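Undergrad: Before I ask anything, let me first share the structure, which is written out below as structure tokens.
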Amino acid sequence: MSSNSEFGTDLPKTTKTYLTGHDAEGKSIVKQSHSASWDPIDGGKMGFNQIYTNNFMADMNDDADIKFNDETNAGGKLGLVSRGGAVCRMVDFSPSYECIYHRTKSMDYGICLKGPMELVLDDGSVTRLQTGDVVVQRATMHAWRNPSTDSWARMIYVLQDSKPLFVNGKKLGEDYGDGTEGLKSSDNVDE
Numbered sequence: 446m447s448s449n450s451e452f453g454t455d456l457p458k459t460t461k462t463y464l465t466g467h468d469a470e471g472k473s474i475v476k477q478s479h480s481a482s483w484d485p486i487d488g489g490k491m492g493f494n495q496i497y498t499n500n501f502m503a504d505m506n507d508d509a510d511i512k513f514n515d516e517t518n519a520g521g522k523l524g525l526v527s528r529g530g531a532v533c534r535m536v537d538f539s540p541s542y543e544c545i546y547h548r549t550k551s552m553d554y555g556i557c558l559k560g561p562m563e564l565v566l567d568d569g570s571v572t573r574l575q576t577g578d579v580v581v582q583r584a585t586m587h588a589w590r591n592p593s594t595d596s597w598a599r600m601i602y603v604l605q606d607s608k609p610l611f612v613n614g615k616k617l618g619e620d621y622g623d624g625t626e627g628l629k630s631s632d633n634v635d636e
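Numbers 446 to 636, taken from this note's numbering, label the letters of the sequence shown in order.
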């Protein structure tokens, strides 16, 4: 169930997305704007705001990209990654929350909007991010942790579909791990 309010009381309350475009004369305009719609994950300890998704290369002629985004989101089948495309979402993490280890078949850009946050890898390493830091996530098994005991954290992720990854001849595909009820499988996993 989606909500129009963010989860953390210490995060900005008015999150909006603005889509630009062109008028009939080719002048730049703000074509649309919409308020965030948040989906609770793991009992509300984490929240997803699906910002935009599209194919690669995006087709903006006759607003094809907007139609694709609207149809994909309305269909309710979008996983973390979209086949042949990119997904942009904002994610809020409650204090002391750590999501499960997972891997997607994608190259992800994680931008820390309000930290600190920690990137936890399956080799045991932990990398602390501060506000403004960026992680380029290259299909590794990882988790995200909010180390604060009293403040919510916020990240933006852009996930771009990728070719299958092989390490020493072994194909490493999407793996959501255990405890992922409510997360839909990505539609790019059978490649």
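We put the beta carbon where it would ideally sit given N, CA and C, even for glycine.
As the structure is a computational prediction, the values presented were derived from the model and not from experiment.
Please give me, in chain order, every unbroken run of the beta strand (DSSP E) with length at least 3 that falls completely inside the region 495-542.
TA: Qualifying beta strand (DSSP E) stretches, in chain order: 530-538.
Undergrad: What would DSSP say about K616, mapped onto helix, strand or coil?
TA: Numbered from its first residue, the sequence shown carries residue 616 at position 171. The answer is strand: DSSP assigns K616 an E or B state.
Undergrad: Inspect the beta-carbon positions of V565 and H547 and report whether they are closer than 8 Å.
TA: Mapped onto the sequence shown, residue 565 falls at position 120. Mapped onto the sequence shown, residue 547 falls at position 102. Not closer than 8 Å, so no.
Undergrad: Find the nearest neighbour of N499 within the set K490, F493, A509 and G492, judged by alpha-carbon distance.
TA: Taking the sequence shown and counting its residues from 1, one reaches residue 499 at position 54. Closest option to N499, Cα to Cα, is A509.
Undergrad: Quick one: what's got a C-beta closer than 6 Å to V579's C-beta in the same chain, skipping five residues either side?
TA: Residue mapping note: residue 579 aligns to position 134 of the sequence shown, counting from 1. Excluding sequence neighbours, V579 sits near I556.
Undergrad: Does the region 559-577 come into contact with the region 510-520, if we say contact requires no fewer than three beta-carbon pairs (one atom in each stretch) closer than 8 Å?
TA: Not touching, per the Cβ criterion.
Undergrad: Would you identify the three-state DSSP class for A469, choosing helix, strand or coil?
TA: Here residue 469 refers to the residue found at position 24 when the sequence shown is read from its first residue. Residue state, collapsed to three classes: coil.
Undergrad: Consult DSSP for T594 and reduce its assignment to one of helix, strand or coil.
TA: Position 149 of the sequence shown, counting from 1, holds the residue named residue 594. T594 falls in the coil class under three-state DSSP.
Undergrad: Report all residues from its chain with a CB closer than 6 Å to the CB of T460; omit the five preceding and five following residues, and keep chain order.
TA: Stepping through the sequence shown from its first residue, residue 460 is reached at position 15. The residues are A481.
Undergrad: As a quick exercise: from D606, P457, E619 and K615, pick the residue whose alpha carbon is nearest that of G529.
TA: Translated into positions along the sequence shown, residue 529 becomes position 84. With distances taken between Cα atoms, G529 lies closest to D606.
Undergrad: For I505, count neighbouring Cβ atoms within 10 angstroms of its own Cβ and tell me buried if that reaches 16, exposed if not.
TA: The residue labelled residue 505 in the question sits at position 60 within the sequence shown. Looking at the sequence provided, one finds Met at residue 505 rather than Ile. When all chains shown are included, M505 counts as exposed.
Undergrad: For the beta strand (DSSP E) holding K559, just list the boundary residues, first then last.
TA: Along the sequence shown, one-based indexing puts residue 559 at 114. Per DSSP, K559 belongs to the beta strand (DSSP E) from S551 to K559.
Undergrad: Have a look at D487 and G466 and give me their C-alpha separation to the nearest angstrom.
TA: Reading the sequence shown from its first residue, position 42 is the one you call residue 487. Reading the sequence shown from its first residue, position 21 is the one you call residue 466. Near 36 Å, if we compare the C-alpha coordinates of G466 and D487.
Undergrad: Are the Cβ atoms of L610 and V526 separated by less than 8 Å?
TA: As a position in the sequence shown, residue 610 is number 165, starting the count at 1. As a position in the sequence shown, residue 526 is number 81, starting the count at 1. Going by C-beta atoms, L610 is not nearer than 8 Å to V526.
Undergrad: According to DSSP, D606 sits in a beta bridge with which residue or residues?
TA: Locating residue 606 in the sequence shown gives position 161, counting from the first residue. D606 pairs with S551.
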